[in-house]
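For reference, the structure discussed in these notes is given below.
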């Protein structure tokens, strides 16, 4: 096959040489001519897709491919070319910019083909194009800069091809973020912001409206894929999830398109972010109408959001309420009128004008083969009678981008050619020098707009927020409802007037598009297994934890002395608990303590009144009064356990309790010993009572009590009790209690009381059956039995009781044991004194002994 191609090329080259030997400029292969041109000292190139498609060719690979046949005239490209021509004419007529230097232009049609775009770009810069006049090619036709192309992918191909030549290409509509890479595209600049900013702005806008679950459709090319990649990345950082991200291209098969439709229908998100070129969206509109895909909130890019052609095609209100970003509106004096004036195109007399005129007015210039029923073009048709994309001025900001690109070239030339009253040279500057100066150019347009390029060759990113609204005639109109400026601080970049927005289905209520409803304060988000982070369950915060914001991802632990409220949305001071005088339990225990004290005082009064009676005298009245005094102190010491613990109350409560109870037990022990010794004294020859008379009884009570006093002093000196906030027993409240300090001291006090009580119980038990008509040892035995039972039960109850109940248990033990001593020892005597006075006699007291004798 390779020899065949070599032979064919040789034949074609010979034929071309023989037919064009009189011409200096010889083109190899298919000749491509500019559609619009004008000679000048310095030439500006233009590359625009005058046609949106081409006829599919049958490539046999055995012969030269036929010329590309362009189809589907695109009026937008004519508007772009008119903007270029307007800028050139305005500069040539200016006395202050490039005086004495005329700019020319050569504008090519790419037919929306990347291969054709690269080809015409190389022909613009190689300096060997065939002259379009009858003159020989006596001067190079290399251009100073190229304005175009309209889409990102063709720009990438062109910029890579001409990059080594340092010829700048300035695009007015290629927004792909990838073109900001100066390593790959060193000579590419643009007058439209990069999709890096637009993608971020769209993500911030989606988040601003509260949509966290959205779908996305993108054009399956560099523009759509790169833009959607940036959008997805930023959206994820902002907490927005994509339910789906579907590619689409106008050449997709019906099967692929149906899969897109099914994906959208089965989705739950109600917002669609469309990173689409306008011609792709036009195709999708027909498909969506056929499958009744309506009611979605659309979010659009500058590629279609302000395109009136798309709005005209949306006859079924599929895009109603769409919102998106557009290049800010600008006004260039005379540009609109110039674009609508076809004379510059008509005067060119080119073949493209004939095609344009026939497509514009749907007529045909007369030829020999025309049929009689064809409308003939006269050339005098009025543009005012036509309403189509060419007469639509909704893309004036894009036309202005073309205008600014040409002016950037002119201002750079003005500086390099040292133009003052007139330019000192008309020679084209060196491409590399020109490119470096073009990157640094900075100027203001006649309307006051500042134009410059950053280090990536991009302009400042500013957008209008556009909303599709419906007028009285039920037509779509573009309302500006906000603005985005990337030069502002992050939280100030997006400014939207929410009240002026019309949403999908022509409502004033913002649509809801979330995978899961927001988690209210008091709960946290838990991502559902196998699903994106926007799909979650709301888990209530645990006790002691809170979340005080919506959609919290974690609950915060409250500080040590704080606890969560019932709603788990704020930390409140923990309830402080202690046994107080105000609560029922405190009042009850205080009352019982007061009753016990009162009864003790009454019994003491009774005993004092009847102190000379036999029953009082026989039971050692001195020890009885001392015991009653100690019991009164026992009842009163229980009050030190009630109320908020303080340093003095913590030290007083246990020491007072320990000393008073030892005093009580010592008195009871003394009374028991008196009973035993009294019996021994009745035996013949016994002289024991002289060793246990009143002085010895007092001394024994003092000695036993002094031991407890020493234990208490040591405890208070070494490690005394102190107020303590117990945070462990209850998580939700603070227990104010007295820490024991030294546990050994506390248990030493209890142990000593227990030892005396046990000794007293044993002695009383031994004396319980001594012969006497009124044997006090019986009552002491019973009282000590109750006393020991109470305190043995106290130990496990004290250890296991929580919070203030620990204190209550201890008070109960004190009161119960005190009442046991009071009732068992003194009530029988009071009964005889008050109710059986006849038994309160010495004869009755000694009755049994007399009978025995």
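Residue numbers (mature numbering (1 follows the signal peptide of the UniProt record, and there is no 0)): -20 to -1, 1 to 833.
The C-beta atom is built at its ideal place from N, Cα and C for all residues, glycine as well.
Since the structure is predicted, the reported quantities are computational estimates derived from the model, not experimental observations.
| Check | Outcome |
| --- | --- |
| Residue 148 versus residue 125 - alpha carbon distance | 5 angstroms |
| Inter-residue Cα distance where the pair is residue 638 and residue 594 | 33 angstroms |
| Limits of the alpha helix (DSSP H) - the one that residue 518 falls within | Segment 516 to 520 is the beta strand (DSSP E) holding residue 518; no alpha helix (DSSP H) there. |
| Distance CB(residue 441)-CB(residue 177) smaller than 7 angstroms | yes |
| Separation of residue 597 from residue 653, as counted between CA atoms | 16 angstroms |
| Among 54, 76 and 78, nearest to residue 89 - alpha-carbon criterion | 54 |
| Residue 343 (DSSP reduced to helix, strand or coil) | coil |
| Status (buried if at least 16 other CB within 10 Å, exposed otherwise) for residue 743 | buried |
| Under 7 angstroms between C-beta atoms of residue 800 and residue 789 | no |
| Inter-residue CB distance, residue 85 and residue 65 (contact presumed, cutoff 8 angstroms) | 7 angstroms |
| Element boundaries [alpha helix (DSSP H), containing residue 191] | Looking at the DSSP string, residue 191 is not in any alpha helix (DSSP H), and its letter there is neither H nor E. |
| Residues near residue 818 by beta carbon distance below 7 angstroms, same chain, minus five either side | none |
| Neighbourhood of residue 50 by C-beta distance below 6 angstroms, restricted to the same chain and skipping five residues each side | 31, 34 and 91 |
| CA nearest to the CA of residue 168, picked from 457, 433 and 375 | 433 |
| C-alpha distance - residue 461 paired with residue 491, whole-angstrom precision | 17 angstroms |
| Closest by C-alpha distance to residue 645, when choosing among 46, 608, 628 and 629 | 608 |
| Beta carbon of residue 582 nearer than 7 angstroms to that of residue 795 | no |
| Cα-Cα separation, residue 502 to residue 527 | 5 angstroms |
| Option in 355, 482 and 494 with minimal Cα separation from residue 219 | 494 |
| Limits of the unbroken beta strand (DSSP E) element including residue 506 | 503 to 507 |
| Beta-carbon spacing of residue 484, residue 216 below 7 angstroms | no |
| Residue 197 vs residue 254 beta-carbon contact at 7 angstroms | yes |
| C-alpha gap between residue 296 and residue 466, whole angstroms | 35 angstroms |
| Spatial distance of residue 7 from residue 13 (CA atoms) | Reliability of the predicted coordinates at residue 7 is poor, the pLDDT of 47 falling under 50, and no value is obtained from them. |
| Classification of residue 579 by the beta-carbon crowding that lies within 10 angstroms, buried from 16 upward | buried |
| From 537, 519, 368 and 540, residue whose alpha carbon lies closest to that of residue 530 | 519 |
| One or two residues paired with residue 296 in a DSSP bridge | Per DSSP, none; premise fails for residue 296. |
| Cβ shell of residue 464 (< 6 angstroms), same chain only, five flanking positions each side left out | 181, 443, 473 and 474 |
| Proximity to residue 294 [Cα-Cα], best of 321, 269 and 304 | 269 |
| Cβ separation of residue 577 and residue 615, assumed to be a contact under 8 angstroms, to the nearest whole Å | 4 angstroms |
| Host alpha helix (DSSP H) of residue 98 (start-end) | 94 to 105 |
| The region 296 to 305 in contact with the region 229 to 247 per 3-pair CB rule at 8 angstroms | no |
| Three-state class that DSSP yields for residue 312 in the structure shown | coil |
| Rounded straight-line distance, which links the Cα of residue 773 to that of residue 813 | 34 angstroms |
| Selection from 38, 200 and 174 that minimises the alpha carbon distance to residue 259 | 200 |
| Rounded C-alpha distance that separates residue 624 from residue 651 | 38 angstroms |
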